[in-house]
Each structure stands twice: as C-alpha cells, then as structure tokens.
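Engineer: Numbers given in the working numbering equal positions in the sequence shown, counted from 1, plus 1.
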Amino acid sequence: MTALDDLPPVGACVERLGLRAHKSLGQHFLFDLNLTRKIARAAGTGPGELVVEVGPGPGGLTRALLESGAKVIAVDKDTRFAPLLDEINTASDGALDVRYEDALRTNMATLGSHGQPLKIVSNLPYNVGTQLLINWLTAKPLFWTSLTLMFQREVAERIVAKPGSSAYGRLAVLTAAIADAHLLFDIPAAAFSPPPKVDSAVVHLTPKPENDRFADLDALEHVTRAAFGQRRKMLRASLKPCAKAVGLDTGRWLAEAEIAPTNRPEVLPPEAFFALARIWRKAKA
Ligand code: SAM
C-alpha cells in the first residue's frame, strides 16, 4: 500500500487528471506540503483527534492533517477531486471521510460521533468563508475546540481587529463574544495555484470559557448592525432607531452602559457592545 509520503506531489496529481481551478468555487490550491504542514502544526492536530476540513480540493492540507495522525472529515462541493482524495484515503488507512456537499448546508455539529470534540482546519473558499465562520461562532452548543482558518488577509484582519483600527467592526465584536482569536502568519498569493489577487493569512480561534462568553448574539447583532452600519455617526444618532424600536431613550441607554453619546462605534471595546446588548434585551423583553 502507498503511504501518505509515497504519494506523488499534489501538483503532479492535479496535472495528471487535467483539472483546472474553478473561480466560482474560490479554488486556489496549495501544492507545497511544507506550507500545509505548517498550517497543520499551527492547528495542533494529532493522533486520535477528529478534524473537519472544508474544501479539501486536491488534498494538500488534507495530507498534512492526516500525517499528524488525526482522522479527517472533509466537505467539498466539487467531486472532480474524488480520485485523488480516494488515493489519500487509502494511503492513510481509511482515516479520511469525504462528503461531497455544500458546507453551508452541512450540520457540522453532528459530524463527531457521540459528540466527540473536533477541530476545524481549512483553507476556506473566499466566497463563503466569512459566512462559515459566523455559523461556527453562533453555533449552540459550540461543537469545536479550535478553528484554524485561512482567509484573505483583509478578512483575517477584520476577525482579530482591536478597537481604534479601521478593520474593527461587527465581525471582531462577534468573534470577541465567543472566542480568543490570533493572526498566526501570512501566506503570499504566489504560494497558491492559481495565485489569487491578494495575500492570505491564517487565524487561530479558541472558545472562551463558557462563563466568559456573551451568549445573546441576537441582541448583539441588532446593536452592532445599527452602530457600525453608520460608523461615521456618533452613537447617540446611529443607535436611535434601534432604541426607539424597543421603547428605549438613546441618551439613558448610553448613560446606563457608561458610554459617551458622542463616541463613534470603532472606539468602543467589545464589552461596551455587550453592555448595550444586555440593556436592549431587557427593554425588548
Ligand atoms: N484545501 C485545498 C488547498 O488548500 O489546496 C483547497 C482550498 S480552495 C481555496 C477552496 C475549496 O473549497 C475548493 O476545493 C472548493 O471546491 C471548495 N468549496 C468552495 N465552495 C464550497 C462550499 N460551499 N462547500 C464546500 N466546499 C466548497
């Protein structure tokens, strides 16, 4: 039997099948196994662990995850890579299970048998990457122990952004409600085949302890949408419709949350939005 490290290089496998990347599926492949091993190491995957990978494509990252000893469930919309993924499965003694479906429709929480915790590691397709992250952050109960994800660098910056930066907004606040997020390293566009227009970066997220999470994400979404929807405006103006909808006085709401009414949203730490969301919920109840 061919072992994983006896398989031909990923690029040669793709060439053998004569496959071209599909732009509509956000396909930009990593052929360099040193890079995919670096991502697997950053995810800290190891023997006995269950990893979910969205978009294995020809399997460069999949191979690295399997080499670490983890079992991998991979989800891809594109069936053309099935012959390559079958070879990888055989070379890993059946440690790879591939589902050919839209990851946006996959119920990832049920992938681990008997609720086994899982890590998600992916070079995400750019067109659905942010939505997948939001789905994973808002999942109840949280079914993952870490997310190690590659995004376009600009999206990675929005995930880890701190108050005061232009990248800071709804995505950073939602992320901070649930997880600790770090930007790990960049991957230059030239490392991909075909190269995308922009560089990418890998981010790593781990859930906060349950008691430290802000659970009312629906209220948080209402408040941050109103505040960042008009980010140039002062909060006393941008939050007015949101306050009115639940019979709150904007001035009193901001005072109770100890926020200056002349502030703009980008200067507020996530905790200030949690406070606003708590008061908004109480008024709505
Ligand atoms: N992991 C491979 C690598 O690093 O070389 C491929 C990554 S490529 C950026 C994104 C992959 O996601 C492609 O294989 C594409 O077919 C797949 N994909 C795109 N949209 C998808 C969706 N909605 N559900 C599942 N897979 C999807």
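The beta carbon of each residue, even a glycine, is placed where N, CA and C say it ideally should be.
Work out the CA separation of Arg100 and Pro196 for me, nearest whole Å.
Structural biologist: The count along the sequence shown starts at 1 and reaches residue 196 at position 195. The count along the sequence shown starts at 1 and reaches residue 100 at position 99. Each residue's Cα considered, the two are about 26 Å apart.
Engineer: Taking the alpha-carbon of Ile260 as reference, which of Phe275, Val247, Ala246 and Gly248 has the nearest alpha-carbon?
Structural biologist: In the sequence shown, residue 260 corresponds to position 259, counting from 1. Nearest C-alpha to Ile260: Phe275.
Engineer: Per DSSP, Phe275 is paired with what?
Structural biologist: The sequence position of residue 275 within the sequence shown is 274, counting from 1. Its beta-bridge partners do not exist; DSSP assigns none.
Engineer: Mapping DSSP to helix, strand and coil, what is Phe152?
Structural biologist: Within the sequence shown, residue 152 is the residue found at index 151, counting from 1. In the structure shown, Phe152 sits in a strand (DSSP, three-state: E or B).
Engineer: Is it the case that the region 83 to 94 contacts the region 110 to 122, given that we only count it when at least three CB pairs across the two stretches are under 8 Å?
Structural biologist: Segments in contact, no.
Engineer: By a C-beta neighbour count over all protein chains shown, 10 Å radius and 16 as the cutoff for buried, is Thr80 buried or exposed?
Structural biologist: The residue given as residue 80 occupies position 79 in the sequence shown. By the 10 Å Cβ count, Thr80 comes out exposed.
Engineer: Any chance you could list the residues with Cβ under 6 Å from a heavy atom of the ligand SAM, keeping chain order?
Structural biologist: For the ligand SAM, the selected residues are Leu26, Gly27, Gln28, His29, Phe30, Leu31, Val55, Gly56, Pro57, Gly58, Gly61, Leu62, Val76, Asp77, Lys78, Asp79, Asp103, Ala104, Leu105, Asn124, Pro126 and Val129.
Engineer: How would you call Ser123, buried or exposed, if buried means at least 16 neighbouring beta carbons within 10 angstroms?
Structural biologist: Taking the sequence shown and counting its residues from 1, the one referred to as residue 123 is at position 122. With 16 or more other Cβ atoms within 10 Å, it is buried.
Engineer: Checking the sheet assignment: what are the DSSP bridge partners for Arg100?
Structural biologist: In the sequence shown, the residue the question calls residue 100 occupies position 99. Answer is Val76, bridged to Arg100.
Engineer: Provide the residue span of the beta strand (DSSP E) that contains Ala71, from first to last.
Structural biologist: Residue numbering aside, residue 71 sits at position 70 when the sequence shown is read from its first letter. Neither: Ala71 is in no beta strand (DSSP E) and is coded neither H nor E.
Engineer: Using CA coordinates, which residue listed in Ala244, Asp103 and Leu185 is at the minimum distance from Arg154?
Structural biologist: Here residue 154 corresponds to residue number 153 of the sequence shown, with the count starting at 1. Taking only the C-alpha atoms, the option nearest Arg154 is Leu185.
Engineer: Are the CB atoms of Thr146 and Leu175 within a distance shorter than 9 Å?
Structural biologist: Numbered from its first residue, the sequence shown carries residue 175 at position 174. Numbered from its first residue, the sequence shown carries residue 146 at position 145. No, they are not a contact pair.
Engineer: Select from Phe229, Val161 and Arg64 the residue whose C-alpha is nearest the C-alpha of Thr207.
Structural biologist: As a position in the sequence shown, residue 207 is number 206, starting the count at 1. Thr207 has its Cα closest to that of Val161, out of Phe229, Val161 and Arg64.
Engineer: Any idea which residues DSSP pairs Thr207 with across the strands?
Structural biologist: Residue 207 sits at position 206 when you count from the first residue of the sequence shown. Bridge partners of Thr207: Asp181.
Engineer: For Lys234, which residues does DSSP report across the bridge?
Structural biologist: Residue numbering aside, residue 234 sits at position 233 when the sequence shown is read from its first letter. Partner(s): none; Lys234 has no beta bridge.
Engineer: Report the rounded CA-to-CA distance for Leu67 versus Asp6, giving the unit in angstroms.
Structural biologist: The count along the sequence shown starts at 1 and reaches residue 67 at position 66. The count along the sequence shown starts at 1 and reaches residue 6 at position 5. Answer to the nearest angstrom: the Cα atoms are 11 Å apart.
Engineer: On the CB-based measure, 16 or more other CB atoms within 10 Å of its CB, does His205 come out buried or exposed?
Structural biologist: Counting from 1 along the sequence shown, the entry for residue 205 is found at position 204. Classification of His205: buried, given that the 10 Å Cβ count is 16 or more.
Engineer: Which same chain residues end up closer than 8 Å to Leu221 when comparing Cβ atoms and leaving out the 5 residues on each side of it in sequence?
Structural biologist: Position 220 of the sequence shown holds residue 221. These residues qualify, in order along the chain: Val174, Leu175, Ala178, Phe215, Phe274, Phe275 and Ala278.
Engineer: By the three-class DSSP mapping on this structure, what secondary structure does Leu86 have?
Structural biologist: Within the sequence shown, numbered from 1, the residue matching residue 86 stands at position 85. Leu86 falls in the helix class under three-state DSSP.
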